[in-house]
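K.L.:
Number of protein chains: 2
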Amino acid sequence: MADKPKKPQKLKARLPRGLEDRGPTAIAATRRMTETIREVFERYGFEPVETPAMEYTDALGKFLPDQDRPNEGVFSFQDDDEQWISLRYDLTAPLARYVAENFDALPKPYRSYRAGYVFRNEKPGPGRFRQFMQFDADTVGSASPAADAEMCMMASDTMEALGIPRGSYVVKVNNRKVLDGVMDTIGLGGIENAGRRLTVLRAIDKADKFEWIEIEKLLGSGRRDESGDFTKGAELSPAQIEAVRQSLQFKIEFEWMDDGGWHERIQGELPKQFINVEGEALMRTGLFELGEISKVLKAAGYEEDRVRIDSSVVRGLEYYTGAVFEVELLLDAKDEKGRSVRFGSVGGGGRYDGLVSRFREEPVPATGFSIGVSRLQAALRMVSRIDTAPHPGPVVVTVFDQERIADYQRMVTLLRDNGIRAELYLGSGKFGAQMKYADKRNSPCVVIQGSDEKSRGIVLIKDCFQGAKNAAITDREEYKAAQAKVQYAVLEEELLDEVREVLTRHDVTWG
Amino acid sequence: MADKPKKPQKLKARLPRGLEDRGPTAIAATRRMTETIREVFERYGFEPVETPAMEYTDALGKFLPDQDRPNEGVFSFQDDDEQWISLRYDLTAPLARYVAENFDALPKPYRSYRAGYVFRNEKPGPGRFRQFMQFDADTVGSASPAADAEMCMMASDTMEALGIPRGSYVVKVNNRKVLDGVMDTIGLGGIENAGRRLTVLRAIDKADKFEWIEIEKLLGSGRRDESGDFTKGAELSPAQIEAVRQSLQFKIEFEWMDDGGWHERIQGELPKQFINVEGEALMRTGLFELGEISKVLKAAGYEEDRVRIDSSVVRGLEYYTGAVFEVELLLDAKDEKGRSVRFGSVGGGGRYDGLVSRFREEPVPATGFSIGVSRLQAALRMVSRIDTAPHPGPVVVTVFDQERIADYQRMVTLLRDNGIRAELYLGSGKFGAQMKYADKRNSPCVVIQGSDEKSRGIVLIKDCFQGAKNAAITDREEYKAAQAKVQYAVLEEELLDEVREVLTRHDVTWG
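Chains A and B supply the protein sequences, listed in that same order.
Residue numbers for the first sequence follow our numbering, beginning at 1128 and rising by one.
Residue numbers for the second sequence follow our numbering, beginning at 1128 and rising by one.
1) Cβ of MET1181/B less than 8 Å from any chain A Cβ?
2) Any C-beta of chain B within less than 7 Å: which residues of the segment 1148 to 1173 of chain A qualify?
3) So that I know if they touch, is there some Cβ in chain B lying closer than 8 Å to that of PHE1381/A?
4) Compare the C-beta of LYS1422/B with all C-beta atoms of chain A and state if any pair is closer than 8 Å.
5) Out of PHE1592/A, SER1578/A and GLN1593/A, which has the shortest C-alpha to C-alpha gap to VAL1586/A?
6) What residue range does the beta strand (DSSP E) around THR1178/B cover?
7) Mind checking who CYS1572/B pairs with in its DSSP beta bridge?
8) If I measure Cβ to Cβ from ASP1514/B and keep anything under 8 Å in the same chain, skipping five residues before and after, which residues do I get?
9) Are the C-beta of LYS1304/B and some C-beta of chain A separated by less than 8 Å?
10) Can VAL1305/A and ILE1331/A be called in contact, C-beta distance under 8 Å?
11) Name the DSSP bridge partner or partners of ILE1585/A?
12) For GLN1529/B, which of LEU1541/B, TYR1552/B and ARG1543/B has the nearest alpha-carbon?
13) Since VAL1473/B and VAL1454/B are thought to touch, with beta carbons under 8 Å apart, how far apart are those beta carbons, to the nearest angstrom?
14) Whose C-alpha, out of THR1178/B, ARG1257/B, ARG1165/B and LEU1222/B, is nearest the C-alpha of GLY1481/B?
15) Please go through the same chain and pick out, in chain order, the residues whose beta-carbon is closer than 7 Å to the beta-carbon of ASP1231/B, but skip the five residues on each side of it.
16) Got a sec? Which residues, its chain only, sit under 6 Å from ARG1144/B by beta carbon, not counting five neighbours each side?
17) Where are the beta strand (DSSP E) runs, 3 residues long or more, that stay fully inside the segment 1437 to 1511 of chain A, in chain order?
18) Counting only runs of 3+ residues fully inside the segment 1531 to 1568 of chain B, write out the beta strand (DSSP E) ranges in chain order.
19) Are any of the Cβ atoms in chain A nearer than 8 Å to that of PRO1292/B?
20) Do ALA1282/A and PHE1470/A come within 8 Å of each other at the CB atom, strictly closer than that value?
21) Could you tell me how far apart the beta carbons of GLY1360/B and SER1348/B are, in whole angstroms, since I believe they sit closer than 8 Å?
22) Got a sec: which bits of the segment 1508 to 1536 of chain B sit with their beta carbon under 9 Å from any beta carbon on chain A, in order along the chain?
23) So which residues on chain A does TYR1225/B lean against when the C-beta distance must stay under 7 Å?
24) Within its chain, find whatever has a CB closer than 6 Å to the CB of ALA1273/A; leave out the 5 residues flanking it on each side and keep chain order.
25) Would you mind giving the Cβ-Cβ distance between GLN1258/B and GLY1499/B, rounded to the nearest angstrom? I have them listed as a contact below 8 Å.
26) Can you tell me whether TYR1606/B is helix, strand or coil according to DSSP?
27) Return no unless some Cβ of chain A is closer than 8 Å to the Cβ of LEU1417/B.
28) Does DSSP put SER1271/B in a helix, a strand or coil?
29) Beta-carbon of GLU1405/B versus every beta-carbon of chain A: anything under 8 Å?
30) At 3 residues or longer, what runs of the beta strand (DSSP E) sit wholly inside the segment 1284 to 1344 of chain B?
31) Could you tell me which chain B residues have their CB closer than 7 Å to the CB of LYS1567/A, listed as they occur along the chain?
32) Could you give the distance in angstroms between the alpha-carbon of LEU1218/B and the alpha-carbon of GLU1182/B?
33) Distance check for ALA1533/A and GLY1172/B, CA to CA, integer angstroms please.
34) So with Cβ pairs under 8 Å, would you call LEU1503/A a contact of chain B?
35) Do the CB positions of ASN1302/A and GLY1520/A come within less than 8 Å of each other?
36) Counting Cβ pairs closer than 8 Å, one from the segment 1586 to 1595 of chain A and one from the segment 1603 to 1619 of chain A, do we hit at least three?
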């Protein structure tokens, strides 16, 4: 390439929007989080299964809310046999494919979990990523509301295992059948209204983010946001909008009562425009299922402070057919400008009885729950619930004489063979640069051997952590005395013991 | 959807070729492997960093050997601003982008590691996957052969940490500069010959898989494989082919000698057609660097049984500029038809001094090593070095009376709260189906409470593992006595203690 006389234009090193690199503290935090979640999910009897990051586009289906995005929010490309392949946008659609493909071999109900990155071609924006991690559990082959209840309990247990105290999160439950019943009541039933129904559901989904006046716009003629982008509305009439508003008031009627009484209470108190109309039966089925879920939750001791029925919960994905859940963080946080931050949902899920049946003749009821690991991690970092202190780096053996690099390597090997993280300085910098390097790596100590030390059979140890502490000393004599403990000579054969000593002195453990 | 009278055609549940699902034992094995690799890499002083699965296509560059594949073997799609984005085909190209983008903030040399899935749009075939996991370490900003030597040592340590005994693997080292010198000698230097040079290198790369006669075809007019596919050759003349063949004989000259002598030996014994010709200087530089690497390896005690110089090592990726390494498994394995299986390379890497400089004005030398986790795992599974026994499943609490599901849930919660993996049977099957389910889940025991037991305040415990053992008993009386220990009643309040007892009896620990 050096043959060409003109200097080639250099490429710009940059990432596409909505993607991010992750450093040591973020990676360590994710590892701890996924280990914790895994423990809880396994205690609940779920076993791991993983599918690849890509699937045939038709097998995934298009259930995302981003209908105005390229390929409806999914990254897709054509295979060499012309078939379309897409990156998974969640872990549920691929699981449905997996279960359908391996149906006869799997135990039923089939209870599994998985963690992995998913990809959405979302409109980029602050905190909106196009690649993020989810951790899912699913029970496929059970129509029982107890399976839905279990998802809520597990969501709650997971939050607490992750260090979020009771009261600082809530698992909210609703049932799509109730919402679908409302749709029927206002004349939005039938396959021909599927699109508008979804628009209404997604408007309701925003009820915890927007004022009602904004929701009204989304239910009516549409809404223009601050950036000028226009979201088409559901074109409901004022009377239809009023019925939707009333249906959201249900939540005040949901209270935890003794078994049975709970049912009758809600069922008895349906607002009167929902009685003796189309949709009433579906609403009542949804309410009955919510009652069954609440019975199990109560029996297991998950009272209202952990799991709560909330009629505004919708979930944006199109494939839900029954119970829907959402985990919300109630932690109080401020952004860098001191404004209160709403974290919103850090996990959710629901019943998707139709998803596996897309591939099979028999009905296959299923329910699942997904933790947004990336989103939860971002939230916990914001409230300082995640350790972001830099970890100790390796012991650095400096190089004074390139000819003697094999000798220095021997010292490194000795330390490594004894389980100590260690490395040879491999750059071309002089002593100052090597010390700066060790500092940047947060090295607990540095090993030094010039020709003078070599001839005397000694090595110098520099205790970097002690050095950092000494910087705070103001008294000159005291500082001098303290510095003597920072850099000192030991015999070559004492190297290993002395490095161990330094590590013990500063409680260095590597995570 | 039920409105439509005609039955819709069901989708076929299937994965695109070259992709696979992974079950519990494979996932557990990967987790153990990556944990082990991580420990070794961290002991060497590398710190984690992760980049996303996709990058701008131009930032990744096209360095794969699959030039006859769509997009040269890379999965690509256009972003909504028309820019092309690709899935990463390795972990090195994205790291180069990361280092270039964050150059000033990073310690130099920058030593990092990462694990992740990479994607190649390869021609599908047995054992060739389009998604697989790699685990990489890289030292960026060091031109020192000691950095290359370290990669070889770490590769060796990693293999042994993974349970592959010394002698059952070998790390082979070569230097692209030697090969590039040979190219110059036979008149294939210069940017205008880059394509043919690569074809020659890739032919040499196959020297451990094919007979020399096949390599000759690849160096000459081309080769047709058994499937009828034709690979274009490098169109070398017979004299050029002979020179390449001779250059591969170097390997017999490489021997481990005392420092210094090693250098002179190889440098003194260059076959005479490589002396006083163009390319000699480059070859000698490559040989000198190999000598420097061998000095460090020897000092650290990595004698020939772990790391070996081998002039046939090339590596298929285009971006290597100096030392190249490859880890080969020497384990003896047979496939299902009893034929010997060659695993080939399970890891490799090399020096890529030009990759970061694509983005920056200054030269940024770099070297790295990548373990093919998926490929190594497949190899270890074939020689039974990976535990594939099913793990114990959860304790299953059966359901006799749907009305009492809340009671059964209480038992499950009690077990879970005490750290025992447990679940409620959530299907709709009768007793027989529930027992079959527990069997399929490999449950250590099952908890049963019908109305009769309930009224007497007891529960039945079925010890499934004992039951499985009893199946081997042939004596009728003995069997009867043994079966009494398989299913028995305990008081409700003894449930937890008794389940613990069963778990202890069978040494059940969950991984």
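Just so it is clear, CB atoms sit at the ideal spot from N, CA and C, and this is done for glycine as well.
Given the structure is predicted, the values throughout are model-derived calculations rather than measurements.
P.N.:
Reading from the atomic positions:
1) yes
2) ASP1148, ARG1149, GLY1150, PRO1151, ILE1154, GLU1169, ARG1170, TYR1171 and GLY1172
3) Because PHE1381/A carries a pLDDT of 43, less than 50, the predicted location of this residue cannot be relied on, and the following value inherits that uncertainty. With 8 Å as the cut-off, PHE1381/A does not count as an interface residue toward chain B.
4) yes
5) SER1578/A
6) First-last for THR1178/B: undefined, no H or E at that position.
7) ASP1590/B
8) THR1152, ALA1155 and ALA1156
9) no
10) no
11) LEU1618/A
12) TYR1552/B
13) 5 Å
14) LEU1222/B
15) none
16) PRO1251
17) 1450 to 1456, 1472 to 1478 and 1493 to 1499
18) 1549 to 1551
19) no
20) no
21) 5 Å
22) HIS1518, GLY1520, PRO1521, VAL1522, VAL1523, VAL1526, GLN1529, ILE1532, ALA1533, ASP1534, TYR1535 and GLN1536
23) ASP1148
24) VAL1423
25) Between GLY1499/B and GLN1258/B the Cβ distance is about 12 Å, and since that is not below 8 Å, they are no contact.
26) helix
27) no
28) coil
29) no
30) 1296 to 1302
31) PRO1234
32) 11 Å
33) 18 Å
34) no
35) no
36) yes
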